[in-house]
Every structure is written in structure tokens, then in C-alpha cells.
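See structure below.
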Amino acid sequence: MPEQRFAAAKPALEAFLAQRAGAARARLSECRALSGGAIQENWLLEVDFLDGPFAGHNELVLRTNSPSGVAVSLSRAEEFAVLRVAWQAGVTVPEPLWLCTDDAVLGQPFYIMRRVEGVALGRRIVKESSLGGDRDALAERLGRELAKIHAVVPPRGELDFLDPPPADAARDAVTRYRKLLDMLNIARPALEWGLRWCEVHAPPPGEIVLGHQDFRTGNYMLGEGGLTGILDWEFCAWAEPMSDIAWFCAKCWRFGREDLEAGGIAPRAPFYKGYEAASGRRIDPHRVAYWEVMAHIRWAVIALQQGERTLSGGEASLDLALTGRVFPPALEYEILNMTPPGAWEAA
Amino acid sequence: MRDRPDGAALLRLARAVLLNDVLEALPEDSRYAVRLVANAAAIAARELAAGDAPLSAERDELAALFQEEGIHLAAGRATETLHESLQRLTWRLAAEIRAGGRDGDAQVHALLRGSVTRRLRESNPRVLGTADEGA
Numbered sequence: 001m002p003e004q005r006f007a008a009a010k011p012a013l014e015a016f017l018a019q020r021a022g023a024a025r026a027r028l029s030e031c032r033a034l035s036g037g038a039i040q041e042n043w044l045l046e047v048d049f050l051d052g053p054f055a056g057h058n059e060l061v062l063r064t065n066s067p068s069g070v071a072v073s074l075s076r077a078e079e080f081a082v083l084r085v086a087w088q089a090g091v092t093v094p095e096p097l098w099l100c101t102d103d104a105v106l107g108q109p110f111y112i113m114r115r116v117e118g119v120a121l122g123r124r125i126v127k128e129s130s131l132g133g134d135r136d137a138l139a140e141r142l143g144r145e146l147a148k149i150h151a152v153v154p155p156r157g158e159l160d161f162l163d164p165p166p167a168d169a170a171r172d173a174v175t176r177y178r179k180l181l182d183m184l185n186i187a188r189p190a191l192e193w194g195l196r197w198c199e200v201h202a203p204p205p206g207e208i209v210l211g212h213q214d215f216r217t218g219n220y221m222l223g224e225g226g227l228t229g230i231l232d233w234e235f236c237a238w239a240e241p242m243s244d245i246a247w248f249c250a251k252c253w254r255f256g257r258e259d260l261e262a263g264g265i266a267p268r269a270p271f272y273k274g275y276e277a278a279s280g281r282r283i284d285p286h287r288v289a290y291w292e293v294m295a296h297i298r299w300a301v302i303a304l305q306q307g308e309r310t311l312s313g314g315e316a317s318l319d320l321a322l323t324g325r326v327f328p329p330a331l332e333y334e335i336l337n338m339t340p341p342g343a344w345e346a347a
Numbered sequence: 348m349r350d351r352p353d354g355a356a357l358l359r360l361a362r363a364v365l366l367n368d369v370l371e372a373l374p375e376d377s378r379y380a381v382r383l384v385a386n387a388a389a390i391a392a393r394e395l396a397a398g399d400a401p402l403s404a405e406r407d408e409l410a411a412l413f414q415e416e417g418i419h420l421a422a423g424r425a426t427e428t429l430h431e432s433l434q435r436l437t438w439r440l441a442a443e444i445r446a447g448g449r450d451g452d453a454q455v456h457a458l459l460r461g462s463v464t465r466r467l468r469e470s471n472p473r474v475l476g477t478a479d480e481g482a
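From first to last, the protein sequence lines stand for chains H and Z. Note that my numbering gives residue 258 to position 258 of the first sequence, counting from 1, and the numbers run on in steps of one. Just remember that my numbering sits 347 ahead of the position in the second sequence, which is counted from 1.
Quick look at the structure:
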């Protein structure tokens with residue numbers, strides 16, 4: 001599909017690239033789809049610039065919307081702004097280059113970044129433990145990367161499109177997921193059980209930082225020398241730092257290696273150590289445990305949304321349909337395990 | 348009455364063909380789609396084989412939960428289909444939990460576990476492992 005759209009858009013795309021790169025001419029020799037998310041598409045562009053600062057051969061990535069995206073995520077222009085902030089904060093990300101909001105070029109907004117190479121597939125990263133070098137070192141590095149993201153604090157003018165920093169992140173999340181369930185119009189008593197537990201046990205509001213909010217195995221890329229990029233910034237939001245720690249460690253993101261609690265790649269200790277050393281912040285295990293319950297709820301709600309997209313006549317996708325059928329009960333099972341009657345007494 | 352083999356058996360056989368014969372012959376990047384199809388067939392086969400039994404069990408447990416609280420199924424509900432009563436009772440439980448009327452309730456927790464376990468037996472039995480097989 002990208003290849004067909006590419007053929008039609010090629011002259012306009014070349015003109016755009018040349019203009020932004022300050023080159024007299026850009027020649028696109030290849031465009032192919034890279035494995036992307038369910039929401040966005042990534043195309044690999046092989047581009048030769050005739051002159052200017054980018055003169056010569058460049059491997060770039062074009063990121064744009066897939067035919068139907070989930071409404072809760074950032075627009076491409078917003079994601080580009082977030083990526084720039086992350087790049088400036090020293091986070092390992094693909095260098096963001098140019099944003100195009102002119103629909104005349106591709107029919108929809110997109111941006112260009114430098115290609116980073118490696119493997120991002122969660123299941124493969126967890127299975128092939130030699131990928132990307134020593135795993136404890138990788139976990140520690142990821143902790144440091146997350147700390148750099150969390151060093152960005154509100155207010156930030158260039159991120160003014162984000163929802164304002166929540167006064168009470170935990171209770172806000174409960175409200176948000178209830179609303180999403182209501183919009184889907186499906187009764188999920190087990191999710192309601194988890195949400196109610198989260199409402200009753202919400203920790204007092206804490207510090208608010210820039211949260212990646214999808215920081216997990218599957219969303220970073222490993223090359224032979226280790227980490228090459230933190231990816232998928234479209235859920236970025238002002239958030240409690242421990243919510244990102246919990247998302248990374250939650251049992252639902254360990255890809256079958258439940259014994260390795262930091263994303264299926266390592267024990268928590270090196271991940272925590274890297275984070276604490278680089279952030280100067282202490283990991284609060286109580287808050288992390290709380291946000292791990294929320295992580296399961298959040299993923300279940302997203303999975304239900306994805307399944308619903310195939311039902312409401314939007315998109316006939318077996319992948320999304322199975323996501324909506326296979327994951328929610330598995331997540332509810334974990335939620336119930338984490339919130340047995342005895343876990344309510346402390347409230 | 349339908350002829351045999353029934354739909355569930357046909358789906359199981361179709362899945363076996365996909366996994367045992369077709370998968371091998373495909374390049375790696377097409378295998379993912381075949382695995383998805385095989386998984387969809389497995390779920391549909393388990394669903395067909397189980398029939399309405401898991402749904403009836405769930406309806407009965409929900410009805411028991413509410414009857415124990417002294418609220419009997421209203422007369423006139425007798426014409427309600429299984430699907431309708433499940434809908435009604437499930438929405439009711441969801442609303443009660445949200446409103447805080449079931450906080451830490453051990454009976455509700457057990458009911459929810461049973462309900463989720465029944466769903467997993469059809470859609471994702473691997474989660475249950477062997478320990479839960481008889482539950």
C-alpha cells in the first residue's frame with residue numbers, strides 16, 4: 001500500500017525533501033514500509049541529495065498515519081515536537097528532521113527522521129538474549145534514558161498541545177478509562193473491579209514530568225552495539241514518573257519471560273539503579289505496584305478499542321480483532337490476581 | 348440435525364492443515380498471518396464445542412449473586428433470552444462495582460475470576476496453565 005501511494009507522491013516528496021535539506025535536488029530511489037504500529041506507518045526512504053548539508057546518500061524514515069488511528073494519540077506534528085524535546089534532552093531517539101503539514105505533498109501530515117537500525121520486536125528481543133549486548137547493562141541504560149525523559153518538566157511552551165499537567169494523575173486515569181469503557185458501551189465487571197480498586201487506593205498526587213507512556217520492550221530498538229533508539233512517542237503526556245516505571249515492568253509486557261520483571265529482559269534492580277542514579281529520584285515501590293495494576297487496565301482498554309475498530313465497520317483486521325478478543329480477559333485475570341479481597345483492607 | 352463432522356471438528360482440522368502443512372511452505376514474513384488465522388480457528392472451534400454452557404453458567408452465577416442479596420429475578424423475565432439476561436446482569440454488576448457497592452467483596456471476586464477463566468478457556472487458555480485446568 002505505501003508503495004502505491006509513494007508512486008503518486010514521489011515528485012512532491014522529492015521537492016519537499018530537497019527544499020528542507022537545502023539541496024538543489026533530491027532523488028528518491030526507494031520507499032518501502034517498515035514494520036510499524038497499529039496506529040502509524042513508517043516508510044524507509046533512500047534519498048540522494050545533490051548538494052547542501054545532507055549531500056549524498058541518506059537513509060531516512062517517513063512517519064505518517066495508518067488508514068485509521070486511535071483518537072487518543074498525538075498528531076504527527078505533535079509527535080514531532082515531542083521528539084525534538086526528547087532529542088534536545090539527550091534521549092536516544094532517531095534525530096527528527098522535518099515536519100510537513102501541507103497535505104498537498106502526501107495527502108496527510110508526516111515527518112522525516114533519520115533511520116536508526118536494529119530490532120524492536122518485543123518477542124524477539126526477549127527470546128534472543130544475546131541481542132544488544134549484556135542485558136543488565138541494557139536495563140540500566142534504559143533506566144537512564146527514562147530518567148532523561150523525566151527530566152523534562154512542565155511548563156514547556158513547545159509542548160502546549162499536551163493536556164495540562166494532571167492535578168491528580170491516578171484519579172484522572174480512573175476517570176479516563178471509565179469514560180472510554182462507557183464510549184465503547186461494553187460491560188466489563190472485572191475491569192470495573194480493578195478501576196474501583198485504583199480509585200480507592202490512589203496514592204496522593206505526586207510529582208509530574210514528561211511521561212513517555214508507552215516505554216516498554218517492543219518500543220525501543222536494539223542494534224548490535226546496544227540501544228539505538230526509544231520509539232513510539234505518540235502517547236506522551238504529563239504524568240507521574242512511577243507510571244512509566246510500572247508500564248515498563250508490568251507483567252503484561254514481559255513477552256513470556258515473567259521471571260525477568262524489567263520488561264522481560266532483566267531483573268528490576270539494574271533498571272531501577274540506572275533510573276535512580278540518573279534522575280536523583282527514588283523509586284517508590286508502593287506507587288509502582290499501584291501503577292502496575294493501572295497498566296493492566298490501560299492495556300485492556302486499548303485492546304478493547306482495537307477490537308472494536310474491526311466491529312464498527314472501520315477496518316477488517318484479523319490482528320486487531322484477535323487483540324480485542326485474546327488480551328482483555330488475560331489482563332483481567334492478572335488484575336484480579338493483584339486485587340484480591342485481602343488487598344482492599346489497607347484502604 | 349447436522350451431519351458430522353461438526354463445525355468445531357472441521358475448524359480443528361483446518362487449523363492443523365495450516366500449522367502442519369501450509370506454514371512450512373511460506374516465507375517467514377507471511378507466517379504471522381497464518382498463525383493469526385490458526386489462532387482465530389482455534390478460538391472459534393473451542394467456542395462452538397462449548398456451546399452455551401459457559402454462558403448459562405455465568406448467568407446462573409450472576410442470578411445467584413443478586414438473589415442472595417434478596418432481589419429476585421422479576422417475573423416477566425421468563426421470556427428473556429440467555430443473551431438478554433446476561434447483558435442485563437453483567438451491566439448491573441459493573442454498575443454496582445463502579446458505584447462502590449462491592450468493594451473487596453469476596454463473592455464478587457470469585458465470580459469475576461470464574462467468568463474470566465471461562466473466557467480464557469475459549470480465547471487464551473495458555474494463560475491458565477495446567478493448575479487452573481480443572482477450575
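In this text, a Cβ means the ideal position worked out from N, Cα and C, and glycines have one as well. In this text the structure is predicted, and so the values were computed from the model without any measurement.
Taking a beta-carbon distance threshold of 8 Å, H/Leu-336 counts as an interface residue toward chain Z. Within the DSSP secondary-structure output, H/Val-47 pairs in a beta bridge with H/Leu-28, H/Asn-58. Contact annotation: H/Gly-226 and H/Gly-133 have beta-carbon atoms nearer than 8 Å. Closest by C-alpha distance to H/Arg-123, out of H/Met-221, H/Val-153, H/Glu-145, is H/Met-221. By the 16-neighbour rule on beta-carbons within 10 angstroms, Z/Gly-476 is exposed. At least one CB of chain H lies nearer than 8 Å to the CB of Z/Val-474. Cβ-Cβ distances below 6 Å link Z/Leu-358 to Ala-388, Ala-391, Ala-392 in the same chain, with the five nearest sequence neighbours on each side left out; the list follows chain order. Bridge partners of H/Ile-112 according to DSSP: H/Leu-62, H/Trp-98. Counting the other CB atoms within 10 Å of its CB gives H/Pro-329 a total of 16 or more, which places it among the buried residues. Under the DSSP assignment, H/Leu-260 falls outside any alpha helix (DSSP H); it carries neither an H nor an E label. For the pair of segments examined, the segment 201-219 of chain H was found to touch the segment 137-151 of chain H: the number of CB pairs separated by less than 8 Å reaches three. Taking C-beta separations shorter than 7 Å and ignoring five residues to either side along the sequence, the partners of Z/Leu-402 in its chain run Leu-429, Leu-433, following chain order. Below 8 Å, enough C-beta pairs join the segment 43-54 of chain H and the segment 17-34 of chain H to call them touching: three or more.
Leaving aside the five residues that flank H/Gly-218 on each side, the residues in its chain whose CB is nearer than 6 Å to its CB run, in chain order, Gly-122. When Cβ-Cβ separations below 8 Å define contact, Z/His-456 makes contact with chain H. In the structure shown, Z/Met-348 falls within a coil segment according to DSSP collapsed to helix, strand and coil.
Between Z/Arg-466 and Z/Leu-436, the beta carbon gap of about 16 Å keeps them out of contact (Cβ cut-off 8 Å). Of all residues in the segment 195-212 of chain H, only Leu-195, Arg-196, Trp-197, Glu-199, Val-200 come within less than 9 Å of chain Z when Cβ atoms are compared, listed by chain position. Using a Cβ distance threshold of 8 Å, H/Val-119 and H/Pro-94 do not count as a contacting pair.
Proximity of Z/Gly-461 to chain H, defined by a Cβ-Cβ separation below 8 Å, is not satisfied. Rounded to the nearest whole angstrom, the CA to CA distance from H/Thr-228 to H/Glu-59 is 15 Å. The Cβ atoms of H/Asp-102 and Z/Leu-383 do not sit closer than 8 Å to each other.
Taking a cut-off of 8 Å on C-beta distances, the segment 181-193 of chain H touches the segment 328-344 of chain H, as three or more cross pairs fall below it. When secondary structure is reduced to three states using DSSP, H/Val-152 falls in the coil class, being assigned neither helix nor strand. Non-local beta-carbon contacts of H/Asp-284 in its own chain, meaning distances under 7 Å to residues more than five positions away in sequence, involve Met-242 in chain order. With contact defined as three or more Cβ pairs closer than 8 Å, the segment 298-317 of chain H and the segment 258-273 of chain H are not in contact.
If you look at H/Thr-228, you'll find it in the beta strand (DSSP E) that goes 226-230. Per DSSP, Z/Asn-471 has no beta bridge partner at all. Leaving aside the five residues that flank H/Arg-254 on each side, the residues in its chain whose CB is nearer than 8 Å to its CB run, in chain order, Val-126, Thr-217, Leu-260, Glu-261, Gly-263, Gly-264.
Residues of the segment 36-55 of chain H with a C-beta atom less than 8 Å from some C-beta of chain Z do not occur. In the DSSP annotation of this structure, the continuous segment of the beta strand (DSSP E) that includes H/Trp-238 starts and ends at 237-239.
Interface residue (Cβ-Cβ distance to chain H less than 8 Å): Z/Arg-466 is classified as such. Comparing C-alpha distances from H/Glu-276 to each of H/Lys-251, H/Arg-176, H/Glu-145, H/Ala-7 shows the shortest one belongs to H/Glu-145. DSSP, read as helix, strand or coil, puts H/Asn-219 in coil.
Within the segment 348-378 of chain Z, no residue has its Cβ closer than 8 Å to any Cβ of chain H. Annotated three-state conformation of H/Gly-324 is helix, per DSSP.
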